[in-house]
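Visitor:
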Amino acid sequence: MTTTRLVTGRLLRFSADPFAGDPLAAARVETDAAMLLQDGHIVQIGQAGQLRAAHPDAPVTDYGTRLIVPGFVDAHAHYPQTAMIASWGKRLIDWLNIYTFPEEMRFADPAYAAGIASRYFDLTAAHGTTTMCSFCTIHPASVEAFFAQAQTRRQRVVAGKTCMDRNAPEGLRDTAQSAYDDSKALLGRWHGTDRISYAITPRFSPTSTPDQLEAMGALWAEHPDCLMQTHLSEQTDEIAWVRDLFPQARDYLDTYEAFGLLGGRGLYGHAIHLEPRERDRLRETGAGLVHCPTSNTFIGSGLFDMDGLMREGHRIGLATDTGGGSSFSMLRTMAAAYEIAQLRGRALHPAELLWLATAGSAQALHMGDRIGRLEQGFEADFVVLDLASTPAIAQRAARAEDPWEEIFPTIMMGDDRAIHAVWIDGEEATR
Ligand code: GUN
Ligand code: ZN
1 MTTTRLVTGR LLRFSADPFA GDPLAAARVE TDAAMLLQDG HIVQIGQAGQ
51 LRAAHPDAPV TDYGTRLIVP GFVDAHAHYP QTAMIASWGK RLIDWLNIYT
101 FPEEMRFADP AYAAGIASRY FDLTAAHGTT TMCSFCTIHP ASVEAFFAQA
151 QTRRQRVVAG KTCMDRNAPE GLRDTAQSAY DDSKALLGRW HGTDRISYAI
201 TPRFSPTSTP DQLEAMGALW AEHPDCLMQT HLSEQTDEIA WVRDLFPQAR
251 DYLDTYEAFG LLGGRGLYGH AIHLEPRERD RLRETGAGLV HCPTSNTFIG
301 SGLFDMDGLM REGHRIGLAT DTGGGSSFSM LRTMAAAYEI AQLRGRALHP
351 AELLWLATAG SAQALHMGDR IGRLEQGFEA DFVVLDLAST PAIAQRAARA
401 EDPWEEIFPT IMMGDDRAIH AVWIDGEEAT R
């Protein structure tokens with residue numbers, strides 16, 4: 001039976017990309033608005049009174065003056081790093097060897113993987129994230145555990161088996177052949193099932209031999225509708241290492257490009273220290289760059305050039321990068337993006353920040369036609385924000401003279417307490 005229901009409140013709506021022109025012309029807050037939901041979709045948006053009159057039998061959930069925004073889209077995360085988030089004192093390569101790889105080793109046990117996957121989805125839902133693009137570990141069971149949870153919770157997700165065949169400890173390495181075979185089998189089983197998409201996932205070029213990168217490129221060529229996710233130019237030490245490992249490569253990006261791993265459905269996490277050639281090629285191919293601001297400060301990586309890259313016309317998403325990132329919250333992630341842009345001389349407007357965390361990330365994942373905005377025909381994933389969730393936020397929001405000034409304290413100071421409700425696939429998620 002089809003259930004039709006109405007959700008009423010204040011809605012954040014985008015009519016355009018706020019980075020493309022005046023943010024105030026691209027985004028607006030509609031009061032006394034309503035969404036008619038049916039079969040997991042938003043089938044109509046309008047004025048609350050009119051939709052109530054037109055659908056007198058539809059049950060109504062009224063959120064009053066609370067702000068309804070699209071569900072947050074985290075474009076780069078590592079769910080296996082949930083239990084080791086906030087590990088102290090290391091930069092990227094040591095952080096991987098000392099904290100990350102030992103934790104990822106535990107995912108050889110499918111029961112451990114299932115437990116962390118469940119915990120990760122509980123935490124992300126509590127923080128208002130309805131879609132994420134996650135790395136798993138080298139173990140196929142880690143992918144099974146992630147997708148099984150997503151399926152139970154009816155979430156739109158992207159993930160893939162992380163492939164590594166060198167520079168990782170015994171027990172955390174596959175081979176070029178097994179990475180190809182396992183990825184292909186997982187892709188065949190899960191890609192397009194319910195709301196699940198598979199991403200081909202070479203971790204980064206230091207942990208893949210040229211043979212493995214070539215195998216990943218071949219798999220992507222066989223499945224061009226899949227996303228491909230990896231890391232690019234996060235720290236200067238890492239870039240120097242890549243130069244040693246691939247002496248023939250023109251730059252870091254070339255280690256992917258040479259093996260068919262550069263394309264419009266490619267997602268390149270971090271992308272901080274880019275050469276002019278890399279910027280040109282990434283833009284020409286329409287590749288997605290993923291900004292991971294809490295990670296970039298936490299691991300000491302550098303300051304992403306949001307303003308310059310947006311001006312050049314790059315496709316950019318926003319992400320927590322848990323557990324290199326120090327938070328599960330996309331609100332906290334927006335705050336960090338704001339602070340990093342400030343250090344580079346640009347104040348991002350609240351509409352731009354919210355766009356990055358929703359429609360922008362959805363576009364980076366090539367899902368901008370179905371999630372990330374509150375629009376007729378879109379999937380009904382949304383978050384109800386309490387803009388006065390703590391005394392500190394409430395007293396600042398009370399002084400606001402317009403909706404953007406009212407929202408900004410929640411962006412800068414909000415956490416899971418600001419998430420009043422989360423709706424996934426047209427139903428309120430239990431949290
Ligand atoms: N580069 C390669 N692997 C990782 C990872 O797990 N986290 C981060 N932040 N960078 C990486
Ligand atoms: Zn990452």
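Per UniProt numbering: the sequence shown = residues 1 to 431. Note that beta-carbon positions come from the ideal geometry of N, C-alpha and C, so glycine has one too.
1. Over the uninterrupted beta strand (DSSP E) stretch that includes T31, give me the two end residues.
2. Contact between the region 181-192 and the region 217-225 is defined here as three or more beta-carbon pairs at a separation below 8 angstroms; is this criterion met?
3. Buried or exposed: T65, going by 16 or more other Cβ atoms within 10 Å of its Cβ?
4. Assign P409 to buried or exposed, taking buried as 16 or more other Cβ atoms, counted over all protein chains shown, within 10 Å of its Cβ.
5. I'd like to know whether the C-beta atoms of A53 and A429 end up nearer to each other than 8 angstroms.
6. Within the continuous beta strand (DSSP E) that includes P70, where are the two ends?
7. Are the CB atoms of A26 and T8 within a distance shorter than 8 angstroms?
8. Going by beta carbon distance, what residues of the same chain come within less than 6 angstroms of W404, once the five residues before and after it are set aside?
9. Is G264 near H231, with beta carbons less than 8 angstroms apart?
10. Roughly how many angstroms separate the alpha carbons of D237 and G46, rounded to a whole number?
11. Suppose the cutoff is 7 angstroms on Cβ atoms and the five residues either side in sequence are ignored; what does the same chain contact list for A421 look like?
12. Would you tell me roughly how many angstroms separate the C-alpha atoms of Q38 and M367, rounded to the nearest one?
13. Contact between the region 101-119 and the region 134-145: three or more CB pairs below 8 angstroms?
14. Taking Cβ to Cβ, would you say D416 is nearer than 8 angstroms to S329?
15. State the start and end residues of the unbroken beta strand (DSSP E) segment that holds W423.
16. Roughly how many angstroms separate the alpha carbons of C292 and Q177, rounded to a whole number?
17. Which value, in whole angstroms, describes the spacing of the CA atoms of E401 and I407?
18. With a cut-off of 8 angstroms, do at least 3 Cβ pairs link the region 156-171 to the region 197-208?
19. So who's on the other strand from Q149, going by DSSP bridges?
20. Count the other C-beta atoms from every protein chain shown that fall within 10 angstroms of the C-beta of A145, then say buried if there are 16 or more, exposed otherwise.
Guide: This is what the structure holds:
1. Here residue 31 corresponds to residue number 31 of the sequence shown, with the count starting at 1. Where T31 is concerned, the enclosing beta strand (DSSP E) stretches over A27 to Q38.
2. yes
3. Stepping through the sequence shown from its first residue, residue 65 is reached at position 65. Exposed, because fewer than 16 other Cβ atoms sit within 10 Å of the Cβ of T65.
4. Along the sequence shown, read from residue 1 onward, the residue named residue 409 stands at position 409. Burial call: buried.
5. In the sequence shown, residue 53 corresponds to position 53, counting from 1. In the sequence shown, residue 429 corresponds to position 429, counting from 1. Cβ distance not < 8 angstroms, so A53 and A429 don't count as in contact.
6. As a position in the sequence shown, residue 70 is number 70, starting the count at 1. Element bounds for P70: V60 to P70.
7. The sequence position of residue 8 within the sequence shown is 8, counting from 1. The sequence position of residue 26 within the sequence shown is 26, counting from 1. Contact: no.
8. Residue 404 sits at position 404 when you count from the first residue of the sequence shown. If we look at W404 and ignore the five residues flanking it on each side, its Cβ neighbours are P350.
9. Within the sequence shown, residue 264 is the residue found at index 264, counting from 1. Within the sequence shown, residue 231 is the residue found at index 231, counting from 1. In this structure, H231 does not lie closer than 8 angstroms to G264 by Cβ.
10. Numbered from its first residue, the sequence shown carries residue 237 at position 237. Numbered from its first residue, the sequence shown carries residue 46 at position 46. Approximately 53 angstroms between the Cα atoms of the pair.
11. One-based indexing of the sequence shown puts residue 421 at position 421. Once the five neighbours on either side are set aside, the close Cβ partners of A421 are V384 and E428.
12. Taking the first residue of the sequence shown as 1, we reach residue 38 at position 38. Taking the first residue of the sequence shown as 1, we reach residue 367 at position 367. Approximately 20 angstroms between the Cα atoms of the pair.
13. yes
14. Locating residue 416 in the sequence shown gives position 416, counting from the first residue. Locating residue 329 in the sequence shown gives position 329, counting from the first residue. In contact: D416 and S329 (Cβ atoms closer than 8 angstroms).
15. The count along the sequence shown starts at 1 and reaches residue 423 at position 423. From DSSP, the beta strand (DSSP E) with W423 extends over I419 to I424.
16. As a first step, residue 292 is located in the sequence shown; it is residue number 292 there, counting from the start. As a first step, residue 177 is located in the sequence shown; it is residue number 177 there, counting from the start. The straight-line gap from Cα to Cα measures roughly 31 angstroms.
17. Within the sequence shown, the letter at position 401 stands for residue 401. Within the sequence shown, the letter at position 407 stands for residue 407. The alpha-carbon atoms of E401 and I407 are separated by roughly 11 angstroms.
18. With a cut-off of 8 angstroms, the region 197-208 and the region 156-171 count as touching, because enough Cβ pairs lie within range.
19. Counted from its first residue, the sequence shown places residue 149 at position 149. Per DSSP, none; premise fails for Q149.
20. Stepping through the sequence shown from its first residue, residue 145 is reached at position 145. Buried, because 16 or more other Cβ atoms sit within 10 Å of the Cβ of A145.
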